[in-house]
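Novice: Handing you a structure now.
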Amino acid sequence: RCTVYDTRPQACRVLKCWDTTEIEKLFEKDTLTRLDLLDGSNKIRKCIEEHEKAFPCPDLIGLREFGPQEKEAEVEELINQEIVFRTKVVSQFELSLGEELFYFGRPVFHLLVSIGVRVDEVDQRLIVSWPAAKAGR
């Protein structure tokens, strides 16, 4: 059995393992962002803001369900440009892997892999291969 203690986060107070309705209402509400955790003078802030504008996460559900269609070249260009950006910032600020992942999250190509897209490096460029079932649609 679970033990309930008096002081716990709101998410824990509303969690009922057998009924997730209440906790689902908290999703995407009043969440902290990376920028909330950094003070205004942090030298990486501007890079984080630039990264979020330049490299938005593609619609992974749409890509998984409907395949790449005409977006394949666009997505491939996005993941390659993001790697160039990350490499530059990591070098400039001498970031560890942990710091890079904290500041910028997982690279977009890692997110693509999570939906079954194969990503290979060919001639220092990332190439995507979509699952056969999806690419044929």
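Count along the sequence shown from 1, add 197, and you get the number used in my numbering. Just so it is clear, CB atoms sit at the ideal spot from N, CA and C, and this is done for glycine as well.
(1) So what does DSSP say about Val314, is it helix, strand or coil?
(2) Closest to Pro206 by C-alpha separation, out of Ile220, Arg303, Glu271, would be which residue?
(3) Answer yes or no: do Lys240 and Phe290 have a C-beta to C-beta separation smaller than 8 Å?
(4) Report the rounded CA-to-CA distance for Val310 versus Phe282, giving the unit in angstroms.
(5) Could you tell me if His307 is buried or exposed, where buried requires 16 or more neighbouring beta carbons within 10 angstroms of its beta carbon?
(6) Taking only three categories from DSSP, how would you classify Ser288?
(7) Would you kindly work out how many angstroms separate the C-alpha atoms of Trp327 and Phe252, rounded to a whole number?
Specialist: Walking through what the data contain:
(1) Along the sequence shown, read from residue 1 onward, the residue named residue 314 stands at position 117. Here Val314 sits in coil by DSSP.
(2) Here residue 206 refers to the residue found at position 9 when the sequence shown is read from its first residue. Checking every option, the nearest Cα to that of Pro206 belongs to Ile220.
(3) Taking the first residue of the sequence shown as 1, we reach residue 240 at position 43. Taking the first residue of the sequence shown as 1, we reach residue 290 at position 93. Yes; because the gap between Cβ atoms is below 8 Å, this pair is in contact.
(4) The count along the sequence shown starts at 1 and reaches residue 310 at position 113. The count along the sequence shown starts at 1 and reaches residue 282 at position 85. Pairing Val310 with Phe282, the inter-Cα distance amounts to about 20 Å.
(5) Position 110 of the sequence shown, counted from the first residue, corresponds to residue 307. With fewer than 16 other beta carbons inside 10 angstroms of its own, His307 counts as exposed.
(6) Stepping through the sequence shown from its first residue, residue 288 is reached at position 91. Reduced to three states, the DSSP call for Ser288 is helix.
(7) If you number the sequence shown from 1, residue 327 lands on position 130. If you number the sequence shown from 1, residue 252 lands on position 55. If you take the alpha carbons of Trp327 and Phe252, they lie about 20 Å apart.
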